[in-house]
Each structure stands twice: as C-alpha cells, then as structure tokens.
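Trainee: Before anything else, here's the structure in question.
Number of protein chains: 2
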Amino acid sequence: MLIRVEDFGVVPDSPEDATLAVYRAIKQCRGIERPTLVFPKGTYRFKPEKAFEKQLFITNHDQRGLHKIAFPLVGMDDLTIDGQGSEFVFYGSIIPFLIENSRNVRLRNMTIDWERPMFEQGEFVRATPESFDIRLSGPRYELNGNRLTVEYDGREEAIWGIHEVDPETGAHAYGSGDRLSWSSFKKLTLEEVGKGIIRFSGKPRHVPKPGSGALMRLGRREHPGIFLKDSSDCRIEDVTVHHAPGMGLVAQRCADISLRGFNVMRRPGAGRWVTATADAVHFTYCRGRIELEHCLFENQLDDPLNVHGIYARIAERLSDDTLLVQLIHDMQVGVEIADPGDDVRFVDNESLLAYAEATVTSVEKMNARYTVISFDRPLPDMVKVGNVLENATWSPDLTIRHCTFRSNRARGLLITTPGKVLVEHNVISAPGAGIKISGDANSWYESGAVRDVVIRNNTFLDCNYCYPDWGNAVIDIDPEIEHPERFSICYHRNIRIEHNEFHTFDSGIVSGHSVDGFVFRHNRIRRSGSFPPNADRIYAIELAASRNADISDNVAEGGSFMALVGTDILNGLKKAKTV
Amino acid sequence: MLIRVEDFGVVPDSPEDATLAVYRAIKQCRGIERPTLVFPKGTYRFKPEKAFEKQLFITNHDQRGLHKIAFPLVGMDDLTIDGQGSEFVFYGSIIPFLIENSRNVRLRNMTIDWERPMFEQGEFVRATPESFDIRLSGPRYELNGNRLTVEYDGREEAIWGIHEVDPETGAHAYGSGDRLSWSSFKKLTLEEVGKGIIRFSGKPRHVPKPGSGALMRLGRREHPGIFLKDSSDCRIEDVTVHHAPGMGLVAQRCADISLRGFNVMRRPGAGRWVTATADAVHFTYCRGRIELEHCLFENQLDDPLNVHGIYARIAERLSDDTLLVQLIHDMQVGVEIADPGDDVRFVDNESLLAYAEATVTSVEKMNARYTVISFDRPLPDMVKVGNVLENATWSPDLTIRHCTFRSNRARGLLITTPGKVLVEHNVISAPGAGIKISGDANSWYESGAVRDVVIRNNTFLDCNYCYPDWGNAVIDIDPEIEHPERFSICYHRNIRIEHNEFHTFDSGIVSGHSVDGFVFRHNRIRRSGSFPPNADRIYAIELAASRNADISDNVAEGGSFMALVGTDILNGLKKAKTV
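Chains as they are written, first to last, in my numbering: chain A, 55 to 633; chain B, 55 to 633.
Shown next as structure tokens:
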C-alpha cells in the first residue's frame, strides 16, 4: 500500500524542516501490510531539532550516546521507501536512516547529502622541507596558538589533519599518506602569514606540491548515512550518499543485506574532494549473505569496505562456565557480543588460533564495555584472562561484483570473515593495499580468519602508492601474529586469486603470512609506470609461514616475476619460485 | 526471604570493587518473594568500570546520556536492602541507587559517601577590596591563565566558583551569596603568588575575611545519590548521604515516597564543608504522598528540598487536538511530560493562570526536548504557541515533620505543588528564604500553584542572611508574574502560617504576591541580633496583589510589627495593618 508524504504536509523543494512530518508518515506505515512510503521527486531538508532520538552504539564510530534520526525505521517489516530520485539534505548531527529490528526494508531512488560537509578545502600555495602555506577557501576561521578552527554545525571545530590531494579528482598524492595528520599534525607550528593564509612549520613529514589541494580534516566519526542494526533481508538500491560525517553505511549484527547501485559518490559539480569521512560501508558481526553489485565508492576518508567480527577479551573467569568479557577498542564498545544460542570460539591472543568452543546460554550486558556470558559447558582451564573469544555464529558470506573503488584514503577492501567470499569484476584502486585480509586480537580486535576467498576477474589500478602507510602490496594478507612461523596451523585458509589484471607501477602484488591454501593463477600484470616503485623488491609475491601455494600461469608484462613462499621464511627456510 | 551478599563473593571491608558481585546478588533477588538483600556491617566499595549502565534523564542535573549504576533496582517489587549500618563508598561517575519502575522498595541502615568528593577546600589568607588570596589545601593543582584546575576522578576539573564559609560549620558568610561564582568568578584574574597560594584580583563582588574557609566549586550536577523514577511506595529509612556529586535524592514521576531518618549530613570527623553539591532532595512530577520525617539536611550546595511540576511550552499546534510540546530548561529535558489518561491544564505564560483542560490520549516523545501529545477534545483557539501546559495528575501531597535544615547554600524548602502541604515541627535555617513558594513559566518552568499549605510549629533560625541573593524574606511567595495586580485571580491559595517561632536579625518575615487566603497567626518573632538587618524595611509582612489575609495574634519581641497587604499595592491601593 502506498503512503504519500504529501498527505502529511511534506512539501517538495520546501526550505522547511520535513523531519516531524516525515516521522508522522513513517508512523502511519506501521500496521499496514507491505507499505511503500513515496516522496514526489524533489529536495527535502532534515534538521535534528525535532527529530526522533535514540541511544545507539555504532560500531567504528566515535559518538556514543543519544542520536537524532530522520528516518527511524525501528521494528518495521516489509517497508519500502522510494525517493523517486529525491535529494535528502541533512543538517548537523542527525542520522538519515536507522533500520533496527526490522525485516525486508528497502530504500530506493534517493540521494543523501549534508548542507555543510565535515571537512575543509584549501590550496597549498608554498612548500619547502621546513614549512608549507595553505590558502583557506572559507572566510570564517580562527587561529589561536596552534589551534586552527572553523565553524561546523554551530560550533568551532579544530582542524587535526591535512591531506595533499589532486584538486581535480581528490585522490591522495603519491607518498602522502597520513603524514600530515594526528600526531604529525600536532608537531607543526601554525602562523597566519596573510589574510586566509596559514603557515605550517616544523619539518613536515610530507612536503606537498604548491597547487595541490589541501584537504583538512575536522570533527570525529559522528555517525553513518545509513545504520542497519539487528535487521535482516534489507536492500538498498539506487541510493547515493554524497556525504556523511562518518561512514556511508554501517550494518551491525544484520543478516542478508543487499546493496545494488548503492554509491558513495562525489556530488557532481560541487567541487568537493570528500564523500564520507570514514569507510563507505562497514559490516560488523553480520551473517547470511552480504552482496554488493554495481556500487561506486569514491573519495571517502577511509576504506571502501570492511567486513569483520570482533574479538572480545576475557576479563575475568567468574565461575566454571561464566566469563566477564570486555570490548577493548573504543570504537567497538556497546556492540552486542553474543545472544543465547550463539556458538563461540576461544582464541589464543598470540597465535590467533582457536582452541575451544562453547554455546552461549545467557548474556548480561553490564555496560558498553563489559558483558557477563554463561556457556553450556564448563570451560577448559586454557580459557584464561587475556585470551579472546569470537562469535562463530555471526560471520557472513560476501559477494562484491561489478563495483568500482577509487580515490579514497587508506585501503581498498578489508575482508575478515570465515564465510564464502567472492570478489569479481570490480575495478579497485586505493593508495594503500587494494585488498587487505587481516585479523588481530591486540589492536583493532577485528576477527574473522578467512576460509574461502575467491578474487577473480578484477582490475587493480595503481594501488598502494602511499606505501608503506596503508599496505605492503596490492593484496596484503597480514593477520597480526608476531611469530606466525612458530605455529603449525595457519590463520587464514584458501585464498584464490585468478584472472585478475594488475596495472601497477610497483613490484609488490601479494604480501602475506599464515595462509594455508593460496592460489595465484591466470593473472596478468601490466606495468603502468605511473609512479616510482615503492621499494627494492624482487618478489611480486611474498608469503611467509604459509602452506600449499599454487602460483602458476600468470603473465607479467615486461618480463617474469618472482614469488617467495615458505612455511618458515623468517627462519631462513625459503622456497623461491619464478613464474 | 534473605539474600546474603557474602554468598556472592562480597567481602566486608575489602578494598576490592564490590559492584559486579553485588549486581549478581541483586539479580538473584528477582523472582523471589519479598527479598531482603543483607550486607554484613562493613565498608563496601563501588567503582564504575564494571557497573550496569543505562540511559537516564535526571531532572535538575547536568549530565544526560549513559549512567553507571551500582544498585540498578529496575522493575523490582517488594525488595528491601538492609546495610545493617554499612558504609558504601563510591568512586567517580556512578549512581549509587536507581529505583526505577519498582514498587515497595526499601533502603535501610547505610551510608553513602564518595572517596573523592566534588569540591575543594582552602583558606582565605588575605583580602582587600581589590583582591584576595586563597591557600589551597591540596598539592595537586594547575593554573593556566585564569583557569585553575584540580584533579577529580582522573580528569582535570576547573574551579568555577568560590564561597566564603565558616571553617567550623561550613555555613556561608553573611552577605556572601553567589558573588564569587559563575560570571562574577569569570571576571577575576588569577595569579600564583606563592606555593599553593592563588591571588584573585579585580574588585570581587564580595570581600571575604582572612581566616574564613574558601570553598571552591568544580564539576557539574553529575547525578544524585539515590534516583527514584516511575516508582511507587518506596521508603528510605536510616540512610545517610555524606556526599553526592549532585543531589542527595531525586524522585521523578514517583508516587508515595517516604523518607524517615534520611540524612544528607557531613561525615563526622572528615572536616568537609559540603555534603551534596546540589539539593538534598528534589521531587519532580510526583504524586500521592511525599513524607519526610526526622531528616537532617545540612551543608548542601543548593536547597534542602524542592517539590514541583514542569510547565512545558507549546511549540506547534499540529492539528485541532494535537500539540508539539517543548521542554525549555536544559535541566528538565528528557523528563516525561505526560502519559495517556493524564489530565492537563493549559496556562497563560504571563498570568500563569489556567484557562482550559483536557485529557491526554497519546504521547510520542520525539527526543529529550520535544513531545507530540494528542488530547481527547479539540483544543480552544486560546491554546497557542508560547503558552504552557501543566500535568494536573502528577502533583503530590507533602508532609515535612521533625526535620532540620541548616548550613546549606541558597534557600530552604521550595514548595510548588497543588497538593496538601504540611510543614511542622521543623528547624529551618538558610542563608536565603527559609521557605519559598514560587512557580514560573519563563525561566525555570517549575509549576504547581499551591492550594493548601500549612506551616506550623516550626522554628526559623536566622534565615536570609545573604539577602538579596536568595530571597526577600524568611518566607518568600514569589510566583513569577510580571503584573500580578492586573489579574483578578490569585496564583497561590490558602497558605497558613501558625505557631511558628522566627528567630531573626531582620525585619522581613513574609514577602509575597498573588495569594488568595493568607493566614499568619499565633507566631512569635524573636530578635537574634546575629547580623545587621538586610534593608530599611518597616513591614514584617508585605503581600501584594493578594486577598483574604488574616494576620492576628502574633507576638513580636521588642515591640510591634507591621504588615502590608493589598490587592493592588503596586497601583497604590494599600491596606496597612499593625499587629
């Protein structure tokens, strides 16, 4: 049944805040069978003041606490929202879409953008190894000591990082990385040397080129454009996020999510270098199938995609069958670790190897950081404080097909899931690794040893040109195990890389360790010459502490390439293979 | 049935954090008939790290968002917690007791205190009209420009106000008021003139005496010691709060609350000048009976008691029978305004007079500030944006008996409730008004025109010695109506003041306006001579825009006293009466 927003007083292209009227239209959709909420094509504005508010923990974002939400789709089944090509424009701290405890929700035909995006653009007008000058584009800024602030959403926000980018594409400059952000930024001394011109002195770690774009970062990861939580069977189709002060889309404990023609894309004609200020899409503790088809993710300030679980730290053994479990990373706190009935693996935090399993019988979330979990059996003595557990029930299959990833900061696809992974017919370009398969229980606590990854028929374009900031090679397999050669079992398994094209200026194609079952066949390597190579590297493929590799039938333009694969490379047992 | 905390691993007098083990004991109380949770007499420590966490809006406090709670008594009926004389010591940001959606909960025989209270003590060592010096008592402070910070709960907190107090009693100095806090404090220039000695320059609004105590304020109203919400029939008995970083006890939308031997009291021997850093007890939108007997409230940094409702502002008329309603005051946001079935009065924000009524049929809380409310009938046109509404269903009767109130900052009892109020056999001393009966729809938005107040057999000791900061007279009746004489109906009704003793240095006993039915009989006024009188005042009683006053049979030591009562005093129609 169709619900028309205009029946609730919503007027297309009005400068008024549509939030409250749209909320009342959404409310009307409850209790109707298969409702479709339809917007006449137009521009609609959404402000936080009168928006629905809810306490949410959003994985991999900074802001906890209460969030304002324009479209709070909570406990809604079989709902479709069709924008019919409308533009939804948001102001300040408001989440466009929350899909929570819902089933079969579809979003279609709309764009999401912000009136005032959360970054600043300027121009590098002078640079030496000692200092550089940036001409700011906006008239409103303040410099107090080394604190440069601009107005954002009615408050003063400090710039805390700078990137050198191509003023046309917004792509990061060769070798620039994060070398003018965070702690490196803090070491710089700021001075106003002219109206709207700021000098940054103190031997910057990267010397930008005059004429390049000076992209300035501010704020934190406030919230995503679309947040799916505890929902299933949802589809986002022909939806474009031009900006989000955080990620484009986050799914947390969701099942069966399909993104088709979901784009995180620059707004045409706006001259902006940035789309989302963090990842394009991020999936934490999902299951079922995650599918992306015909998506374009460009110019985010972090990776286009990350799929992972969470390793939770064992903080106390409360009894034989009950643990106090702790989320360590500040950006993971509040995420539900498990439900009764879930299967859990206990993992050694040094080897990352699982050594026991149990089924959850009860869960008591004390607070964002601590949860008491009881299990169906007495836990072996090995289960000790400092080890971690991983929810084995929540790991999705992943298909990424016919997508384009380009011009963002950091890496390409981050894949850590034991599910079936297929990455095919994509075009992947990133200043870091094009694909990264990691896993760690000591820093980000992102879990998910892979079991079955197929990467085929993709084109990789000049990846990893900010080496070594964001990767070792085009494909980087680097679970954080300090001494992988000491363990007889590998962390990752069955990674097949076939029929891909690598256009690259660099030698390094694959770098990794702790893989059992590695296939690299029928790939073609083309030399782009776009940049100087990253380092003196002989081998296109370097795999340490790995087993069962098949590297064959590849074609390397301009001559042969070498692969180095060993079960125990670090201790000198090497097996070099020239293809 | 008895539940013993020691069965859950809780050890008396242990330095360990008891929070998690006590939580598990509380959990055990669920599903047991009339459980009593018993602590062996001892000292128990509660830290926030592993405490239960919940989103709460707490009336008249600063901190919204997530709160850690040591005793989360949510949905618990017929529970008793007996400390058997134990001391509960809290650390940092944690609410000791939350009683929510519960019935018949009793707390008995315990003290509540903090390891590190939220204020600082020093000594005035020098003072001129230009500047004064304070010797800090702690070794850990930092002065950065005009920002003086001390460590509190692992963070640096800035001092933002100073009070001159008697170093023995902690009582405020004559004429000191808030004249060294907030904006007045900000005007002072700070300088370190010796190790641990800070000079505050810039013509302070109050010149303290060397040798007096320098009480320094820091932090905000984080949370109360005990928070009751949506609960009924609860009793707090023989419980003492030595400190809370906020109020001693807050009840919000509760019915039938009894406090017997509930004290907010200095810790003997600790040498502290402050107990709670805000009110001792505060009741917002309660109903049924509120009873206080044999309570001692001393040395809080705000009033001992405040009972009131809330005026919510009409923000939009969404339809004939539906309003968007707004909470204005930052410390009231998030409080539920009404439930379906509640009766509501519509009130003119200038006259404060109610002009229409309706019954609530549905409530949709959009966010902390805005709520959509529908009513059972079309609302008259008079109901317009800017007017306010008041929930008529939620107003309690109040009995305060055999209590002592002393040495706090600000006023004594703040009473704004249409219920039956009885204040008898108390000893009341405050640097502001001893009793204040107000109501306003433009600043604090505290509602509740009184209908039946009896104040009898109390002793008032030297109130209002910081005049005019916190009151006009010992009893101050000052609804915030700009032109009360213009309205034929009075805001307050039936205030009887009988058989009280007023020990006072000052002439002013009662000041007020807009009262219909005022009785002041059989009271005795004694001259204390403790301080110089506040102002040249002839009349002991000044009542403007009031009707039906009976002032008779009072005894004034040292001669007669004068009363001035008029329906239209401000326009010159006066009726002076000498008793």
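Where a beta carbon is used, it is the ideal one built from N, C-alpha and C, also for glycine.
#1: Residues of chain B with a CB under 7 Å from the CB of G208 (chain A): which are they?
#2: Can you find the residues in the same chain that come closer than 8 Å, C-beta to C-beta, to I57 (chain B), ignoring five residues on each side of it along the sequence?
#3: Is there at least one Cβ from chain B nearer than 9 Å to K629 (chain A)'s Cβ?
#4: Answer yes or no: does any C-beta atom of chain A fall closer than 9 Å to that of F106 (chain B)?
#5: Let's see if you can read the secondary structure: which residues bound the beta strand (DSSP E) around A309 (chain A)?
#6: Please report how far the alpha carbon of E174 (chain B) lies from the alpha carbon of H217 (chain B), in whole angstroms.
#7: Quick one: which chain B residues come within Cβ less than 9 Å of G440 (chain A)?
#8: Look at K283 (chain A) and L110 (chain A) and say whether their C-beta atoms are less than 9 Å apart.
#9: Strictly by DSSP, which residues pair up with G215 (chain B)?
#10: By how many angstroms is the C-alpha of I531 (chain B) removed from the C-alpha of A484 (chain B)?
#11: Any beta carbon of chain B sitting closer than 9 Å to that of E418 (chain A)?
#12: What separation, rounded to the nearest whole angstrom, lies between the Cα atoms of C457 (chain A) and R314 (chain A)?
#13: Give, in chain order, every unbroken run of the beta strand (DSSP E) that is at least 3 residues long and sits entirely within the region 518-574 of chain B.
#14: Using alpha carbons as the reference points, say which of B:F144, B:D136, B:P533 lies closest to T73 (chain B).
#15: Tell me, please, whether the region 562-581 of chain B touches the region 593-603 of chain B by the rule of three or more beta-carbon pairs shorter than 8 Å.
#16: Roughly how many angstroms separate the alpha carbons of V389 (chain B) and A422 (chain B), rounded to a whole number?
#17: Counting along the chain, where does the beta strand (DSSP E) carrying L515 (chain B) start and finish?
#18: Count the other CB atoms, across all protein chains shown, that sit within 10 Å of the CB of V609 (chain A); report buried if there are 16 or more and exposed otherwise.
#19: Strictly below 7 Å CB to CB, what residues from chain B border K122 (chain A)?
#20: Which chain A residues sit within Cβ distance under 9 Å of G119 (chain B)?
#21: Beta strand (DSSP E) containing V247 (chain B): first to last residue?
#22: Taking L74 (chain B) as the query, report the chain A residues whose CB atoms sit under 9 Å from its CB, ordered along the chain.
#23: Beta-carbon of Y365 (chain A) versus every beta-carbon of chain B: anything under 9 Å?
#24: Helix, strand or coil for T113 (chain B), going by three-state DSSP, please let me know.
#25: Can you confirm whether Y519 (chain B), when its beta carbon is compared against all beta carbons of chain A, has any partner nearer than 9 Å?
#26: Would you please verify whether the beta carbon of G276 (chain B) is less than 9 Å from any beta carbon of chain A?
#27: Mapping the DSSP letters down to three states, classify E370 (chain A) as helix, strand or coil.
#28: How far does the alpha helix (DSSP H) with V328 (chain B) in it reach, from first residue to last?
#29: Taking 8 Å as the threshold, find out whether the region 232-243 of chain A comes into contact with the region 287-295 of chain A through three or more Cβ pairs.
#30: Compare the C-alpha of R118 (chain B) against each of B:M55, B:G279, B:Q386 and name the closest.
#31: I'd like to know whether the C-beta atoms of F106 (chain A) and K122 (chain A) end up nearer to each other than 9 Å.
#32: Looking at the structure shown, is C288 (chain A) part of a helix, part of a strand, or coil, going by DSSP?
#33: Would L244 (chain B) pass as a contact of G199 (chain B) if the rule is Cβ separation under 9 Å?
#34: Across the region 301-309 of chain B and the region 202-215 of chain B, are there enough close Cβ pairs to call them in contact, namely three or more that are closer than 8 Å?
#35: By the three-class DSSP mapping on this structure, what secondary structure does R78 (chain A) have?
#36: Taking the alpha-carbon of D357 (chain A) as reference, which of A:V439, A:I482, A:G440 has the nearest alpha-carbon?
Mentor: Walking through what the data contain:
#1: Here residue 208 (chain A) corresponds to residue number 154 of the first sequence, with the count starting at 1. Those within 7 Å of G208 (chain A) in chain B number zero; the least Cβ separation is about 16 Å.
#2: Taking the second sequence and counting its residues from 1, the one referred to as residue 57 (chain B) is at position 3. Cβ within range, chain order: A79, Q82, C83, I86, P89, T90, L91, V92.
#3: Here residue 629 (chain A) is taken as the residue at index 575 of the first sequence, counted from 1. Bear in mind that a pLDDT of 44 at K629 (chain A), under 50, signals an unreliable position, so the number given afterwards is only what the model happens to contain. Not one chain B Cβ lies under 9 Å of K629 (chain A).
#4: As a position in the second sequence, residue 106 (chain B) is number 52, starting the count at 1. For F106 (chain B), the answer is yes, since a Cβ of chain A falls inside 9 Å of its Cβ.
#5: Reading the first sequence from its first residue, position 255 is the one you call residue 309 (chain A). Counting along the chain, the beta strand (DSSP E) containing A309 (chain A) begins and ends at 309-318.
#6: For this step, residue 174 (chain B) is matched to residue 120 along the second sequence. For this step, residue 217 (chain B) is matched to residue 163 along the second sequence. Distance between the alpha carbons of E174 (chain B) and H217 (chain B) is about 11 Å.
#7: For the purposes of this step, residue 440 (chain A) is taken as the residue at position 386 of the first sequence. Going along chain B, no residue has its Cβ under 9 Å from G440 (chain A), so there is no contact; the nearest lies around 17 Å.
#8: The residue labelled residue 283 (chain A) in the question sits at position 229 within the first sequence. The residue labelled residue 110 (chain A) in the question sits at position 56 within the first sequence. For K283 (chain A) and L110 (chain A), yes; Cβs fall inside 9 Å.
#9: Locating residue 215 (chain B) in the second sequence gives position 161, counting from the first residue. Partner(s): B:S235, B:R271.
#10: Along the second sequence, read from residue 1 onward, the residue named residue 484 (chain B) stands at position 430. Along the second sequence, read from residue 1 onward, the residue named residue 531 (chain B) stands at position 477. The straight-line gap from Cα to Cα measures roughly 16 Å.
#11: As a working note, residue 418 (chain A) is residue 364 in the first sequence. Yes - at least one Cβ of chain B is within 9 Å of the one on E418 (chain A).
#12: To locate residue 457 (chain A), count along the first sequence from 1; it is residue 403. To locate residue 314 (chain A), count along the first sequence from 1; it is residue 260. Computed Cα separation, rounded: 10 Å.
#13: 529-531, 546-552, 555-558, 564-567
#14: In the second sequence, counting from the first residue as 1, residue 73 (chain B) sits at position 19. Taking only the C-alpha atoms, the option nearest T73 (chain B) is B:F144.
#15: yes
#16: Here residue 389 (chain B) refers to the residue found at position 335 when the second sequence is read from its first residue. Here residue 422 (chain B) refers to the residue found at position 368 when the second sequence is read from its first residue. Cα-Cα distance, rounded: 7 Å.
#17: If you number the second sequence from 1, residue 515 (chain B) lands on position 461. Unbroken beta strand (DSSP E) run through L515 (chain B): 513-515.
#18: Position 555 of the first sequence, counting from 1, holds the residue named residue 609 (chain A). By the 10 Å Cβ count, V609 (chain A) comes out exposed.
#19: Within the first sequence, numbered from 1, the residue matching residue 122 (chain A) stands at position 68. Result: N421.
#20: Within the second sequence, the letter at position 65 stands for residue 119 (chain B). Q109, R118, G119, L120, listed in chain order.
#21: Position 193 of the second sequence, counted from the first residue, corresponds to residue 247 (chain B). First-last of the beta strand (DSSP E) with V247 (chain B): 243-248.
#22: As a first step, residue 74 (chain B) must be located in the second sequence, where it is residue number 20. Those within 9 Å of L74 (chain B) in chain A are E370, L372, L378, M420, Y424, V426.
#23: Reading the first sequence from its first residue, position 311 is the one you call residue 365 (chain A). Y365 (chain A) does not count as touching chain B.
#24: By one-based count along the second sequence, residue 113 (chain B) stands at place 59. Note: T113 (chain B) maps to coil in three-state DSSP.
#25: The residue labelled residue 519 (chain B) in the question sits at position 465 within the second sequence. Not closer than 9 Å to any Cβ of chain A, the Cβ of Y519 (chain B) fails to qualify, so no.
#26: On the second sequence, position 222 is the one that residue 276 (chain B) refers to. According to the sequence shown, residue 276 (chain B) is Glu rather than Gly. Cβ-Cβ to chain A under 9 Å: no for E276 (chain B).
#27: Reading the first sequence from its first residue, position 316 is the one you call residue 370 (chain A). In the structure shown, E370 (chain A) sits in a strand (DSSP, three-state: E or B).
#28: Counted from its first residue, the second sequence places residue 328 (chain B) at position 274. Premise fails: V328 (chain B) is in no alpha helix (DSSP H) and is neither H nor E.
#29: no
#30: Start at 1 with the first residue of the second sequence, and residue 118 (chain B) comes out as number 64. Among B:M55, B:G279, B:Q386, the Cα nearest to that of R118 (chain B) belongs to B:Q386.
#31: For the purposes of this step, residue 106 (chain A) is identified with residue 52 of the first sequence, where counting begins at 1. For the purposes of this step, residue 122 (chain A) is identified with residue 68 of the first sequence, where counting begins at 1. Against a cut-off of 9 Å, the Cβ pair of K122 (chain A) and F106 (chain A) comes out as a contact.
#32: What you label residue 288 (chain A) is simply residue 234 of the first sequence in a count that begins at 1. It is a strand residue.
#33: Residue numbering aside, residue 244 (chain B) sits at position 190 when the second sequence is read from its first letter. Residue numbering aside, residue 199 (chain B) sits at position 145 when the second sequence is read from its first letter. Yes. Within cutoff.
#34: no
#35: Stepping through the first sequence from its first residue, residue 78 (chain A) is reached at position 24. R78 (chain A): helix per DSSP, three-state reduction.
#36: Numbered from its first residue, the first sequence carries residue 357 (chain A) at position 303. When each option's Cα is compared against that of D357 (chain A), the closest is A:I482.
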